[in-house]
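A.B. asks: Pasting a structure below so you can have a look.
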DNA sequence: TGGGCCTTTGGTATCGTTACCTTTGGTCAC
DNA sequence: GTGACCAAAGGTAACGATACCAAAGGCCCA
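This is the structure:
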């Protein structure tokens, strides 16, 4: 058996009795081919087992129909929702997502951005607003729409769809203080890799200090992203080291759930003995007992809006850099009543 | 300001005073260019802001360094782990993952597979062993390694890394029966879209019938994938309709956690009043109170093994189709003691 | 000193599609 | 009858890299 070379458009054209150009048009949407010719060509192609070769099309037309996306972790419901919203918004225009993850590391992000730009995407969406200088330069010079998400960068590269992580945490602090709780702790990662997590911690400290409160109850739970288990361990330490703590804000719902489960394991009543809040409005927070107070940053909307921006930018309907600000929603539930 | 055309290898070559071929070699790893020449070329390229153009390279070399992957949902920790294991195993060889999701729909899978094959990946990894006839044909004729995962298909297309979903559930049934629990229910989706979920339900029915037990306690919780909330609703219905049920097996840990939370909300003791088991060994099952009995199918290993198979296949070290069988681990925890 | 061999570099054609321009044949109004 | 116009199809060159082959120069040993 000879491993025959796969058929090309020229083969389809020859057998269908038309020119390669006509075959090419038959595979496009709105091109001028008579319906009879088109269906005959498509049938021939199917019979031959012809598969359209995007690599050639990409090179000649200088279009790839890729949108590059970087997220910190592939295993995170929030970012998955953003990618989902993005993918749905782009699907109709035939744009496909080229996804890479940075593992919360801006050096890895730099490598990834270079890899992705080599594939000549039509646009690129990155998570966060902090990048290495070289990554920044590559994005600026890429000549394609750049969208930073999940953050409000001081100096945006292009467009932005995000919110203030610090500001969102401040609102949660205000909520607790409004209930008369002043001995508040923060559970987060112990490194600055997760820049959004770092911003949330900074927001906590700033908010506490602005109210004249002690902002030193900071529990570092490990290398970001903080897992449920690490949230539980952090809560164990908190209960041991500063047992008079009245409320705790966690860097995500996952660590908050871990903290909650540790309380249950030790017979500490939530919220009677201690209030707990998370971040991200993961499904678990609305299902567990008691339900978790949290902040919903509308991850899916972030993706959907980024998709809209991309489509507008590609159609030239965008005059300049756009900042699309999300207003996170404070969700007060049973864990902090 | 004129939007200059981005520089090409020819531009870099001219400025660096070498031929385009030498520039091309400088960007490859193991090619024969003197170290001095290479670094001079790379510096020139960086100065010019040159970005390597994969689209041209792909066409000429007939290699894309893509591995296509289809998963049912981007927002699922199990599949995310598989993709993570796969990506890590492929990273060293410079292979990049081209990911698409099917939304648990084999018609959508067919469209997706066609899209992905047009990009000329080096290999393709699909989730599950059931496909439309056309999808099957496209995979068979693709001429690249095909790997089906998370399943043991009757008629594999190429290689397989998977396990018997039905067999895994049977072991959980045996566990319950061994404890003297015979009135066992199953909570799953109400459609056949999720073929692995369907297999698990079928495995439950077969196992119960083989033991002469009533296999009719089937709670359909909605369109797959079943969420935590739907798991909770299903448990509510179960407690109302067949309150003498002694144990319940859920199609995933997520629905199992929902079921558990519903019990807590109603004061039903787990496992004293009812035992609960899940599937997938999601982190939540090891953190919640009580911890959840479950089945660990080693999702990350599935991806890692698929990566190994791909590398072996691409190097021609694989003689024929390989079935790599995973043995899921039964984890008995507090929810079924 | 010369031939063999290796390292490093260069020239040319080409991957498979599509942008751009041209051609063909038909319809329609005057 | 003729020119304007349009739909449908074809011809040619090009996108930017690299496979393949060739050649230049250096080194070693007989």
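Chains as they are written, first to last, in my numbering: chain R, 301 to 637; chain A, 301 to 637.
For glycine and all other residues, C-beta sits at the position ideal for the given N, C-alpha and C.
1. Can you give me, in chain order, the residues of the stretch 344-373 of chain R that have a beta carbon less than 7 Å from any beta carbon in chain A?
2. Whose Cβ in chain A lies nearer than 7 Å to the Cβ of residue 528/R?
3. In the stretch 515-541 of chain A, which residue ranges form an unbroken beta strand (DSSP E) of at least 3 residues, counting only runs that do not cross its ends?
4. Run down chain R in chain order and give the residues with a C-beta less than 8 Å from the C-beta of residue 306/A.
5. How is the alpha helix (DSSP H) around residue 355/R delimited, first residue to last?
6. Locate the alpha helix (DSSP H) running through residue 505/A, then write down its first and last residues.
7. I believe residue 504/R touches residue 542/R by the beta-carbon criterion, under 8 Å. Please report the beta-carbon distance rounded to the nearest angstrom.
8. Is the CB of residue 561/A under 8 Å away from at least one CB in chain R?
9. Can you tell which of 554/A, 349/A, 614/A has the C-alpha that lies nearest to the C-alpha of residue 423/A?
10. Report the rounded CA-to-CA distance for residue 597/R versus residue 582/R, giving the unit in angstroms.
11. Which stretch, first to last residue, makes up the beta strand (DSSP E) that contains residue 424/A?
12. Answer with yes or no whether the minimum CB distance from residue 465/A to chain R is below 8 Å.
13. For residue 616/R, count neighbouring Cβ atoms within 10 angstroms of its own Cβ and tell me buried if that reaches 16, exposed if not.
14. Below 8 Å on the Cβ atoms is my guess for residue 535/R versus residue 559/R; work out the distance and round it to an integer in Å.
15. Are the CB atoms of residue 553/A and residue 594/A nearer to each other than 8 Å?
16. By the DSSP assignment, the alpha helix (DSSP H) with residue 337/R in it spans what residues?
17. In the DSSP assignment, the alpha helix (DSSP H) including residue 459/R goes from what residue to what residue?
18. Please work out which residues of its chain come closer than 8 Å, Cβ to Cβ, to residue 317/A, disregarding the five sequence neighbours upstream and downstream, and give them in chain order.
19. First and last residue of the beta strand (DSSP E) that includes residue 547/A?
20. My output table needs one value for residue 558/A: the three-state DSSP class, helix, strand or coil.
21. Does chain A have any CB closer than 8 Å to the CB of residue 383/R?
22. Do residue 405/R and residue 496/R count as a contact pair if the criterion is CB distance below 8 Å?
23. Measuring CA to CA, which of 416/A, 387/A, 393/A is closest to residue 401/A?
24. What does residue 488/A pair with, by DSSP beta-bridge criteria?
25. Please say whether residue 394/R and residue 607/R have beta carbons closer to each other than 8 Å?
26. Is the stretch 525-539 of chain A touching the stretch 560-567 of chain A, taking contact as three or more C-beta pairs under 8 Å?
27. Name, please, each residue of chain R whose Cβ falls closer than 8 Å to the Cβ of residue 493/A.
28. Checking contacts by CB at 8 Å: is residue 558/R closer than that to chain A?
29. From the beta carbon of residue 596/A, is the nearest beta carbon of chain R less than 8 Å away?
30. Give a yes or no on whether 8 Å exceeds the smallest Cβ distance from residue 565/R to chain A.
31. Between the C-alpha atoms of residue 622/A and residue 350/A, what's the straight-line distance to the nearest angstrom?
32. Does any C-beta atom of chain R lie closer than 8 Å to the C-beta of residue 399/A?
33. Checking the sheet assignment: what are the DSSP bridge partners for residue 607/R?
34. Considering only the beta carbon of each residue, do residue 419/R and residue 355/R sit closer than 8 Å?
35. Between residue 522/A and the ligand FAD, is the CB less than 7 Å from at least one heavy atom?
C.D. replies: A quick look at the data gives this:
1. Here the close residues are 349, 351, 352, 353, 354, 355, 356, 358, 359, 364.
2. 583, 584, 587
3. 518-520
4. 443
5. For residue 355/R, the uninterrupted alpha helix (DSSP H) segment begins and ends at 354-361.
6. 495-510
7. About 15 Å; that fails the 8 Å criterion.
8. yes
9. 614/A
10. 10 Å
11. 423-427
12. no
13. exposed
14. Taking the Cβ atoms as the reference, residue 535/R lies roughly 4 Å from residue 559/R, within the contact range of under 8 Å.
15. yes
16. 335-348
17. Going by DSSP, residue 459/R is part of no alpha helix (DSSP H) but of the beta strand (DSSP E) stretching over 459-462.
18. none
19. 547-550
20. Of the three classes helix, strand and coil, the one that applies to residue 558/A here is helix, per DSSP.
21. yes
22. no
23. 416/A
24. Beta-bridge pairing links residue 488/A to 520/A.
25. No, the pair does not count as a contact, with Cβ atoms beyond the cut-off.
26. Yes: the two stretches touch, three or more of their Cβ pairs being nearer than 8 Å.
27. Near residue 493/A there are no residues of chain R at all, since even the closest Cβ is about 17 Å away, more than 8 Å.
28. Taking 8 Å as the CB threshold, residue 558/R lines the interface with chain A.
29. no
30. Taking Cβ atoms only, chain A reaches closer than 8 Å to residue 565/R, which makes this a yes.
31. 43 Å
32. yes
33. Partner(s): none; residue 607/R has no beta bridge.
34. No, the Cβ-Cβ distance between residue 419/R and residue 355/R is not below 8 Å.
35. Among the components modelled here there is no ligand, and therefore nothing to report on the ligand FAD.
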